[in-house]
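First residue of the sequence shown? That's 1 in full-length UniProt numbering, and the numbers climb one at a time after it. Okay, structure first, notes after.
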Amino acid sequence: MSEEILINVTPHETRVAVVENGMLQELQIERGSTRGVVGNIYKGKVQRIMPGMQAAFVDIGLERAAFLHAGDIADAWADGSGEANDREPGAPRSIFELLRDGQELLVQVVKDPIGTKGARVTTQISVPSRHLVLLTQTDAVVVSARIDQESERSRLRGQMLELLAQRPAVSPPRGYILRTNAEGQQAESLAEDIDYLDRALDSIRENARTAKVGMCVYEDLSLPLRAARDLMRQDVERVKVDSRESYERLQEFASRFMPALADKIEHYSGYRPIFDLYGVEDEISRALEKKVPLKSGGSLIIDQTEAMTTIDINTGSFLGQRNPEETVYRTNLEATHAIARQLRLRNLGGIIIIDFIDMVDPEHKRQVLRQLEKSLQRDHAKTTVYDFSPLGLVEMTRKRTTESLERQISEHCDHCGGRGMIKTVETVTHEIFREIVRQNRQFEAQKLLVIGAPKVMHHITEDESVAVAELEEFIGKSVRFQADDQYSQEQYDVVLL
Numbered sequence: 001m002s003e004e005i006l007i008n009v010t011p012h013e014t015r016v017a018v019v020e021n022g023m024l025q026e027l028q029i030e031r032g033s034t035r036g037v038v039g040n041i042y043k044g045k046v047q048r049i050m051p052g053m054q055a056a057f058v059d060i061g062l063e064r065a066a067f068l069h070a071g072d073i074a075d076a077w078a079d080g081s082g083e084a085n086d087r088e089p090g091a092p093r094s095i096f097e098l099l100r101d102g103q104e105l106l107v108q109v110v111k112d113p114i115g116t117k118g119a120r121v122t123t124q125i126s127v128p129s130r131h132l133v134l135l136t137q138t139d140a141v142v143v144s145a146r147i148d149q150e151s152e153r154s155r156l157r158g159q160m161l162e163l164l165a166q167r168p169a170v171s172p173p174r175g176y177i178l179r180t181n182a183e184g185q186q187a188e189s190l191a192e193d194i195d196y197l198d199r200a201l202d203s204i205r206e207n208a209r210t211a212k213v214g215m216c217v218y219e220d221l222s223l224p225l226r227a228a229r230d231l232m233r234q235d236v237e238r239v240k241v242d243s244r245e246s247y248e249r250l251q252e253f254a255s256r257f258m259p260a261l262a263d264k265i266e267h268y269s270g271y272r273p274i275f276d277l278y279g280v281e282d283e284i285s286r287a288l289e290k291k292v293p294l295k296s297g298g299s300l301i302i303d304q305t306e307a308m309t310t311i312d313i314n315t316g317s318f319l320g321q322r323n324p325e326e327t328v329y330r331t332n333l334e335a336t337h338a339i340a341r342q343l344r345l346r347n348l349g350g351i352i353i354i355d356f357i358d359m360v361d362p363e364h365k366r367q368v369l370r371q372l373e374k375s376l377q378r379d380h381a382k383t384t385v386y387d388f389s390p391l392g393l394v395e396m397t398r399k400r401t402t403e404s405l406e407r408q409i410s411e412h413c414d415h416c417g418g419r420g421m422i423k424t425v426e427t428v429t430h431e432i433f434r435e436i437v438r439q440n441r442q443f444e445a446q447k448l449l450v451i452g453a454p455k456v457m458h459h460i461t462e463d464e465s466v467a468v469a470e471l472e473e474f475i476g477k478s479v480r481f482q483a484d485d486q487y488s489q490e491q492y493d494v495v496l497l
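So this is what it looks like as structure tokens:
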């Protein structure tokens, strides 16, 4: 599989596209005014404790207070008293045992502010590097579940334990996660990462000692460097960046942390914009549409709401060459690939409900479910897929840390109030007629003037002329209609003259 990473940099916006076999699979956007804060560490102060939710709001200097759940507090599951208590086995400690109003503490953002919700934070601080993630609340050494070869898992864990045994003991203890990028790495590379993380942690602790409430004591890397750290692997053919300054920073970063991959980074200086060259801009536009066509003639219909995302599969014009059950099965199989790609591309998270076309054969259902799970394996976000429900629906979850692509680059429609639909001309016409009657009863006037959208005014004067004459007779006054291009289809004013 051919994979490329494209980085488009402008003064106020940076975009990173992951392209596999010529198809856009993932898009990350960072704007100067709305840069994400996931991974940042802040000096916070407890604003308000909510015992009913077992959580607290923490001031970290952002527009909205951050949300801290009891389960995300470092010692939530430990009983510091050493005495018997009334907690059920497996239950976290009470929020009042863990926090107090006005308490200052160090927190890390695990989820960006989304919609009207503030950021979600944890006191379980972790710092990532190229191959490792440093954990501050444990001394465990674990290997990413995505490294599935048992011999490689054992080799990596053994190397880490050996490297740590050669170093002086530290207090408090430090643990490590070996990331997917660590696969195939030798001890020298892991040792460099340990040194880097030690320096980063020392810097965080030093900054925290002098920081005031609301100050950021550690900021994650900029988007281009994060992309290099998290996305560059041996199977990535090249990384193309259209900014000379960003290219030089990437080269410096790669030479320090991933020298074997540094030669994959290229500066793109072509006349044609890099995203146009690869067709990325067109793919972004299509990613905002509800309907996704399938090669077979079927389609996906994707609806994103506040509560969940629903995906409906239709056969469309695909009739197939065999029996109807086989046609349905083939369409559903094709849909699994498209669904996995659309989830990554649109960055859809939370609860996702998939309505596959009904299948009778249990083996077909099992194969479709297995293919969906397989298609999701390349997704960097954690996904969980559940079996078919009695209604034939597949429920799944996908971890969401930032806004979806649609919410990042779109906003609610002023004309329809964010509904995605507008009232018909006939509906608005009858609203206007009712408003005319209402105004006539409340106020004295010789005549009335209605101002509205040209399409609505044309419908009233041409198609509803008889109704207008009857209305004028009913209220005993004349009504004049005036079109104005500044009015949307649902907008109108009734003016008394």
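In this text, a Cβ means the ideal position worked out from N, Cα and C, and glycines have one as well. Please read these numbers as outputs of a predicted model, since none were measured by experiment.
Legend entry - Local conformation of E3 per DSSP, three classes: strand
Inset, instruction - Give the DSSP bridge partners of F388, in chain order. - result: V394
Inset, instruction - Compare the beta carbon distance of V37 and Q47 with 8 Å and say whether it is the shorter of the two. - result: no
Legend entry - Nearest residue (CA-CA) to E26, options K43, I41, G44 and L6: L6
Inset, instruction - Using alpha carbons as the reference points, say which of I313, H380 and A287 lies closest to L405. - result: A287
Legend entry - Cβ pair I352, T309 closer than 8 Å: yes
Legend entry - Contact set for I432: own chain, Cβ-Cβ below 8 Å, skip 5 residues either direction: V450, G452, V456, I460, Y492 and V494
Legend entry - Close beta carbons around E325, own chain, < 8 Å, minus the five adjacent residues each side: M359, V360, D361 and H364
Inset, instruction - Decide if the stretch 144-155 is in contact with the stretch 188-199; the criterion is three or more beta carbon pairs, one per stretch, under 8 Å apart. - result: no
Legend entry - Close Cβ partners of S255 (< 8 Å) along its chain, the five nearest in sequence each way excluded: A262
Inset, instruction - Could you spell out where the alpha helix (DSSP H) holding R31 opens and where it closes? - result: Taken as a continuous stretch (DSSP letters only), R31 belongs to no alpha helix (DSSP H), being part of the beta strand (DSSP E) at M23 to R31.
Inset, instruction - Within its chain, find whatever has a CB closer than 6 Å to the CB of N207; leave out the 5 residues flanking it on each side and keep chain order. - result: V217
Legend entry - Burial state of K382 (16 or more Cβ within 10 Å): exposed
Legend entry - the stretch 291-299 contacting the stretch 271-282, beta-carbon criterion three pairs below 8 Å: no
Inset, instruction - Identify every run of the alpha helix (DSSP H) within the stretch 404-440, keeping only runs that are complete inside it and at least 4 residues long; order them along the chain. - result: 405-409
Inset, instruction - Spatial neighbours of E183 within its chain, please: CB distance less than 7 Å, with the 5 preceding and 5 following residues excluded, ordered by chain position. - result: I147 and E152
Legend entry - Cβ neighbours of L223 in the same chain (closer than 7 Å, five flanking residues each side left out): T14, V16, Q28 and E30
Legend entry - Local conformation of A78 per DSSP, three classes: Confidence at A78 is low in this model, with a pLDDT of 49, below 50, so its placement is unreliable and the value that follows should be read with caution. Reduced to three states, the DSSP call for A78 is coil.
Legend entry - First and last residue of the uninterrupted alpha helix (DSSP H) at L161: E150 to A165
Inset, instruction - Return helix, strand or coil for V368, following the three-state DSSP convention. - result: helix
Inset, instruction - With a 10 Å radius around its C-beta and 16 neighbouring C-beta atoms as the bar for buried, classify R346 as buried or exposed. - result: buried
Inset, instruction - Tell me, please, which residues DSSP counts as bridged to T14. - result: V9 and E30
Legend entry - Outcome for Q446 when other beta-carbon atoms lying within 10 angstroms are tallied against a minimum of 16: exposed
Legend entry - Pairwise C-alpha distance: C413 and L448: 30 Å
Legend entry - 3-residue-minimum beta strand (DSSP E) runs that sit fully inside the stretch 276-322, ordered along the chain: 291-293, 299-304 and 309-314
Legend entry - Proximity below 8 Å, CB of L68 to CB of V141: no
Inset, instruction - Put R174 into one of helix, strand or coil per three-state DSSP. - result: coil
Inset, instruction - Would you mind giving the Cβ-Cβ distance between L99 and A56, rounded to the nearest angstrom? I have them listed as a contact below 8 Å. - result: 5 Å
Inset, instruction - Check the DSSP bridge columns for Y492 and list the partner residues they point to. - result: G452
Inset, instruction - Could you please give the first and the last residue of the uninterrupted alpha helix (DSSP H) stretch that includes S189? - result: A187 to T210
Inset, instruction - With DSSP collapsed to three states, give me the class of residue 527. - result: A question about residue 527 goes unanswered here, because the residues of the chain that appear run from 1 up to 497.
Inset, instruction - Please report how far the alpha carbon of G158 lies from the alpha carbon of L178, in whole angstroms. - result: 11 Å
Inset, instruction - Indicate the three-state DSSP secondary structure (helix, strand or coil) for Q137 in the structure shown. - result: coil
Inset, instruction - Would you kindly check if the distance between the Cβ of V385 and the Cβ of L393 is under 8 Å? - result: no
Inset, instruction - Under 8 Å by Cβ, that's how I've got K43 and M160 pegged, so tell me the actual separation to the nearest angstrom. - result: Rounded, the Cβ-Cβ distance is 31 Å, inconsistent with contact.
Inset, instruction - May I have the straight-line CA-CA distance separating R249 from V241, to the nearest angstrom? - result: 11 Å
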